[in-house]
Amino acid sequence: GGNETVDIITKANGSAIFSKCDVGIEEEIRAAVDLAISKWNKIDVLVNNAAMMTFKKITDLSTEEWDMVMRVNLRSVFLFCKFCIPHMNKGAIVNTSSVHAHETTANVVPYASSKGAMEAFIRGVSLEFPNQIRINCVAPGAVDTPMLWNNPNVKSGAEVVSGAIGKPEELAAAIDDCREPLEHVALSQLLRCVDSARGEGHSEVTAPVRQSLLDGRAASQHNGIGERYMLDAALAVEVSRNLLQSRNHRH
16 GGNETVDIIT KANGSAIFSK CDVGIEEEIR AAVDLAISKW NKIDVLVNNA
66 AMMTFKKITD LSTEEWDMVM RVNLRSVFLF CKFCIPHMNK GAIVNTSSVH
116 AHETTANVVP YASSKGAMEA FIRGVSLEFP NQIRINCVAP GAVDTPMLWN
166 NPNVKSGAEV VSGAIGKPEE LAAAIDDCRE PLEHVALSQL LRCVDSARGE
216 GHSEVTAPVR QSLLDGRAAS QHNGIGERYM LDAALAVEVS RNLLQSRNHR
266 H
């Protein structure tokens with residue numbers, strides 16, 4: 016939990032506070048940001064990682080259920096950015112999207128819609144604050160978390176998880192890479208970790224770009240405004256593990 020995380024950071028000679036926050040409630044988001052400002056007087060990094068899913072056809076979905084997914088998955092991203100950006104100077108925002116923004120399955124339409132909208136949102140925000148923040152997006156496939164294994168489609172076998180499954184620490188390494196003020200991180204970068212078993216059995220990453228990813232570098236595309244890499248699952252996991260190993264060696 017939050018307090019346990021604070022203990023871990025404190026024992027490692029870091030500084031941390033815990034603020035319990037329902038990201039579906041604007042007042043609680045504002046309070047969490049205000050608490051951080053009162054402690055450190057600025058925001059260096061914002062990670063928008065909260066998400067929820069529903070598992071119904073849209074004809075069976077209530078308006079309230081649709082709105083709840085949007086509040087948690089999309090509106091919270093808007094509100095955290097709205098309240099944090101005024102306190103950021105060359106700061107970094109990293110958002111956790113999903114492969115569902117690009118290739119989805121039945122009965123998760125609100126989730127997929129929220130993630131697609133998130134990616135459109137960050138592209139726009141990167142243009143509004145080009146000199147103040149770096150805003151990036153990591154869009155993983157299957158990650159070994161309770162959210163994956165508690166999915167009723169997965170439990171029932173209706174959705175078969177195959178191919179490489181990432182670990183939370185590997186995804187964290189990719190997020191950590193996006194937040195660093197390195198020359199290779201563009202204003203808006205989408206690191207898309209695609210499970211090839213879900214229909215994309217090829218990689219659109221050329222050999223030089225593939226090697227640069229594995230080496231922790233990147234090559235610019237989309238006129239230098241954003242970078243998009245479509246990786247098959249094996250390459251995505253390999254890149255994430257290399258990033259994790261790099262950080263372990265560094266620290």
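Quick note, the sequence shown lines up with residues 16 to 266 if you use our numbering.
Even for Gly, the Cβ is constructed at its ideal location relative to N, Cα and C.
As the structure is a computational prediction, the values presented were derived from the model and not from experiment.
Check: Unbroken stretches of the beta strand (DSSP E), 3 residues or longer, contained in the segment 59-124; Outcome: 60-63 and 106-111
Check: Residue environment, residue 122, which counts as buried when at least 16 other CB atoms sit within 10 Å; Outcome: buried
Check: Distance between residue 80 and residue 69 (C-alpha atoms, nearest Å); Outcome: 8 angstroms
Check: Assumed close pair residue 38, residue 87 - CB separation to whole angstroms, cut-off 8 angstroms; Outcome: 6 angstroms
Check: Rounded C-alpha distance that separates residue 188 from residue 76; Outcome: 36 angstroms
Check: When 140, 112 and 190 are compared against residue 66, the one with the closest alpha-carbon; Outcome: 112
Check: Distance between residue 180 and residue 211 (C-alpha atoms, nearest Å); Outcome: Confidence at residue 211 is low in this model, with a pLDDT of 28, below 50, so the placement of that residue should be treated as unreliable; the coordinate-derived value is given next. Their Cα atoms are separated by approximately 11 angstroms.
Check: Cβ-based burial, residue 49 [other Cβ within 10 Å; buried from 16]; Outcome: exposed
Check: Rounded straight-line distance, which links the Cα of residue 82 to that of residue 170; Outcome: 25 angstroms
Check: Nearest candidate by alpha-carbon position, reference residue 35, set 18, 153 and 138; Outcome: 18
Check: Alpha-carbon spacing of residue 166 relative to residue 115, whole angstroms; Outcome: 14 angstroms
Check: Cβ-Cβ separation, residue 148 to residue 62 (assumed contact under 8 angstroms), whole Å; Outcome: Not confirmed; about 13 angstroms, so no contact.
Check: Coarse secondary structure for residue 153, derived from DSSP in three states; Outcome: strand
Check: Straight-line Cα distance separating residue 156 from residue 22; Outcome: 31 angstroms
Check: For residue 47 and residue 54, the rounded distance between their alpha carbons; Outcome: 11 angstroms
Check: Residue 16 versus residue 91: straight-line alpha-carbon distance, rounded; Outcome: 20 angstroms
Check: Outcome for residue 134 when other beta-carbon atoms lying within 10 angstroms are tallied against a minimum of 16; Outcome: buried
Check: For residue 181, three-class secondary structure by DSSP; Outcome: strand
Check: Per-residue DSSP class, three states only, for residue 169; Outcome: helix
Check: Counted within 10 angstroms of its Cβ, other Cβ atoms place residue 94 as buried (16 or more) or exposed; Outcome: buried
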